[in-house]
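Participant: Numbering (this note's numbering), first residue to last: 22 to 283. Yeah, the Cβ is synthetic: ideal placement off N, Cα and C, and Gly gets one too. Note that the coordinates shown come from a computational prediction; the quantities given were computed from them, not determined experimentally.
1. Helix, strand or coil: how does DSSP classify residue 147 here?
2. Please report the residue range of the alpha helix (DSSP H) in which residue 101 lies.
3. For residue 128 versus residue 215, is the C-beta distance shorter than 9 Å?
4. Whole angstroms are fine: how far does the CA of residue 276 sit from the CA of residue 199?
5. From 58, 274 and 61, pick the residue whose C-alpha is nearest to that of residue 173; which is it?
6. Report the rounded CA-to-CA distance for residue 248 versus residue 52, giving the unit in angstroms.
7. What number of angstroms, rounded off, separates the C-alpha of residue 42 from the C-alpha of residue 49?
8. Specify, as a first and last residue, the run of the alpha helix (DSSP H) that residue 64 falls within.
9. If you run the structure through DSSP and keep just helix, strand and coil, what is residue 52?
10. Could you give the distance in angstroms between the alpha-carbon of residue 119 and the alpha-carbon of residue 164?
11. Hey, residue 36 and residue 80 are a contact pair by Cβ (cut 8 Å); roughly how many whole angstroms apart?
12. Cutting at 8 Å between CB atoms, please list the residues of its own chain near residue 109, excluding the five before and the five after it.
13. Please state whether the Cβ-Cβ distance between residue 101 and residue 169 is less than 9 Å.
14. What are the boundary residues of the alpha helix (DSSP H) that residue 58 is part of?
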């Protein structure tokens, strides 16, 4: 029985390279797996381990491993692109949350004191790491990493028999561009309550400054804006977490649509 799952002939294991290359493509973009704190060696070992474990499941959907050098190169490029597409939707969903957190941080007055985020390799407000850790905890708490692995297995059934020129498919590019455009729309929707709060707060400060010109109202506006922002974050946290959950979970449906368009 074991020999049927894992044959004793070594050249039968060349198909595992196909599985491993696609997994490495996922690890480049998928949330949690692409974190910079995870050493590259750990990612490679995890990809090889998952490839060996999932090989018996995806084996019926694998094409024979090519023998020509150019066909092997084409196979590697195709599997890498498919792996990147698998992690693209979830990655863009997380990036939308990061952009929204950056907007919220500026609205709350944290734009002056930025932090260097080692994951983003850029200066961000203090709200971006906070939202990042919330998303990371939700990703594992909701078992979305299991859903990602399940989607990875289903991708072999969906993409079986593709001709390798799907990158030139206009439908695929249209879907990808639409996903990038939706990133900013989602970020603005998440930051909308905080933007409205900042607008009303600045309006009240401006009116108060005209009523009491002797008082330096601007000196008190920053702590008031931060306090109101934290209070709003506390009040909308349940709806915000549900919104993030639905957005990350909906990334799987977008990925399936993208794979079918190939």
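Facilitator: The structure says:
1. coil
2. 90-129
3. Yes.
4. Whole-angstrom Cα-Cα distance: 12 Å.
5. 274
6. 31 Å
7. 11 Å
8. 61-79
9. coil
10. The alpha-carbon separation between residue 119 and residue 164 amounts to approximately 21 Å.
11. 7 Å
12. In the same chain as residue 109, and ignoring 5 residues on each side of it, the C-beta atoms closer than 8 Å to its own belong to 50, 197, 200, 276 and 279, in chain order.
13. no
14. That residue, residue 58, is in no alpha helix (DSSP H); it is neither H nor E in DSSP.
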